[in-house]
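Note that the UniProt record's numbering numbers the sequence shown so that position 66 is 66, with each residue one more than the last.
For every residue, glycine included, the Cβ atom is placed at its ideal position computed from N, Cα and C.
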Amino acid sequence: MKPPETSANSILMSPRELLDRYAAGKRGFIGVNLQCADLRGAVLKDILLWQANLKSANLSGADLSNAHLFANLIQTNLSGADLSSAKLIYADLRKADLTCAKFLKLI
Numbered sequence: 001m002k003p004p005e006t007s008a009n010s011i012l013m014s015p016r017e018l019l020d021r022y023a024a025g026k027r028g029f030i031g032v033n034l035q036c037a038d039l040r041g042a043v044l045k046d047i048l049l050w051q052a053n054l055k056s057a058n059l060s061g062a063d064l065s066n067a068h069l070f071a072n073l074i075q076t077n078l079s080g081a082d083l084s085s086a087k088l089i090y091a092d093l094r095k096a097d098l099t100c101a102k103f104l105k106l107i
């Protein structure tokens, strides 16, 4: 596995589009650019974000349980997020806010 990278070839996606696709049953999102996205309180259980850019996104209070986050999470607000059983291998969490985040069975 390679660590996440962000590139000019990333797929710009709005928070609404991500949530709509997730609600329709899609779980795998590769190379999406959600920089600065407001996803507060979003329920994104079992989501796969591979080489995704979520730099400075707001995921406070989000349910990311069992998520696979191979992503750029630099300066991302994850305060109060549920990261139970999440896989954060290669996730870049520099300067991320993890205040009161839930980390049960974190991988």
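Do you know offhand how far residue i's Cα is from residue j's?
i: GLU17; j: LEU39; result: 11 Å
i: PHE29; j: SER56; result: 18 Å
i: ASP92; j: LEU59; result: 15 Å
i: ALA37; j: ALA101; result: 19 Å
i: GLY31; j: ILE11; result: 6 Å
i: PRO15; j: LEU34; result: 7 Å
i: LEU88; j: ALA24; result: 25 Å
Please identify the residue among the options whose C-alpha is closest to the C-alpha of residue i.
i: SER79; options: ILE89, TYR90, THR99 and ASN72; result: THR99
i: ARG21; options: CYS36, LEU69, ALA42 and GLN35; result: ALA42
i: GLN75; options: SER84, SER85, LEU48 and LYS95; result: LYS95
i: ALA81; options: TYR90, ASN72, ILE89 and LEU104; result: LEU104
i: ASP97; options: LEU54, MET13, ARG27 and GLY25; result: LEU54
i: LYS51; options: ASP63, HIS68 and GLY61; result: Note that residue 51 is Gln in the sequence shown, not Lys. Of the candidates ASP63, HIS68 and GLY61, the one whose C-alpha sits nearest the C-alpha of GLN51 is HIS68.
Residue i lies in the beta strand (DSSP E); which residues open and close that run?
i: LEU49; result: 48–53
i: ALA67; result: Element bounds for ALA67: n/a, residue is neither H nor E.
i: GLY28; result: 28–30
Residue j and residue i - do their beta-carbons sit closer together than 8 Å?
i: LYS45; j: ASN66; result: yes
i: LEU83; j: PHE70; result: no
Could you give the residue range of the alpha helix (DSSP H) that holds residue i?
i: TYR90; result: Premise fails: TYR90 is in no alpha helix (DSSP H) and is neither H nor E.
i: ASP20; result: 15–23
Any C-beta of chain D sitting closer than 8 Å to the C-beta of residue i?
i: ARG21; result: Here chain D cannot be found, since the structure has a single protein chain.
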